[in-house]
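Contents: one structure, followed by commentary.
Numbering (this note's numbering), first residue to last: 141 to 369.
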């Protein structure tokens, strides 16, 4: 049976990819009446769309003391940021004016773009902000790009934040969870189209970071941090 969320065609495909690929395939058929070259170009875009929106299952042992990567990609930054230097929309989710780790993971167009929850808990706040479309690998993307900020409380009561950031050619952030939603570790919470980034903010007195810059991550599998208190 084909579900409403994804279909199986050698691999699982996200619902957005199914819809876009169907439209492109329709144009491919129409293009055959005008140009065989146009048809093959559209077919190529259709195949790339299916590849881009692939949504493979991920496997892990649930562990609420571990944070899993929310995104496939490469770790751009691991840094400590004082509370007063946080972006206001991030800072408003924290009550402790302490230091925070910021882990930035960049997704290029060849990565899986489905985002997954680092741990289980409650989405306390969702804040979507329209913005610009700088290259997501630039640090200023955290401040100026279109983004969606999730204020999250883990089952142990610790506050963390993760942020979806649109990139240079990305033009849509999809949010699949709402404020007040309870989500499980590894659960899909959204998607960003065509090159983007996810930032994670963690209190330094609660977590130790397990990844380093330039490391490759897999959403829902790679351990990015461990709870220490």
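Here a beta-carbon is modelled for each residue, glycine too, at the ideal position from N, C-alpha and C.
| Asked | Found |
| --- | --- |
| With 16 other Cβ atoms within 10 Å as the buried cut-off, status of residue 184 | exposed |
| Spatially closest choice to residue 199 from 247, 358, 366 and 364, by CA coordinates | 358 |
| Residue 242, buried or exposed, once every other Cβ within 10 Å from all chains shown has been counted against 16 | buried |
| Span of the alpha helix (DSSP H), counted from its first residue to its last, around residue 244 | Run containing residue 244: none in the alpha helix (DSSP H); it sits in the beta strand (DSSP E), 239 to 247. |
| Beta bridge counterpart(s) of residue 236 as assigned by DSSP | Its beta-bridge partners do not exist; DSSP assigns none. |
| Counted within 10 angstroms of its Cβ, other Cβ atoms place residue 189 as buried (16 or more) or exposed | buried |
| Nearest residue (CA-CA) to residue 267, options 303, 182, 330 and 249 | 303 |
| Residue 181 versus 192, 167 and 193, residue with shortest Cα-Cα distance | 167 |
| DSSP beta-bridge partners of residue 214 | 246 and 356 |
| Cα-Cα separation between residue 362 and residue 175, rounded to whole angstroms | 46 angstroms |
| Rounded C-alpha distance that separates residue 297 from residue 218 | 23 angstroms |
| Beta strand (DSSP E) segment containing residue 342, residue limits | 336 to 343 |
| DSSP beta-bridge partners of residue 328 | 256 |
| Alpha-carbon to alpha-carbon, residue 151 and residue 291 | 32 angstroms |
| For residue 371, the three-state DSSP class (helix, strand or coil) | A question about residue 371 goes unanswered here, because the residues of the chain that appear run from 141 up to 369. |
| C-alpha gap between residue 285 and residue 305, whole angstroms | 6 angstroms |
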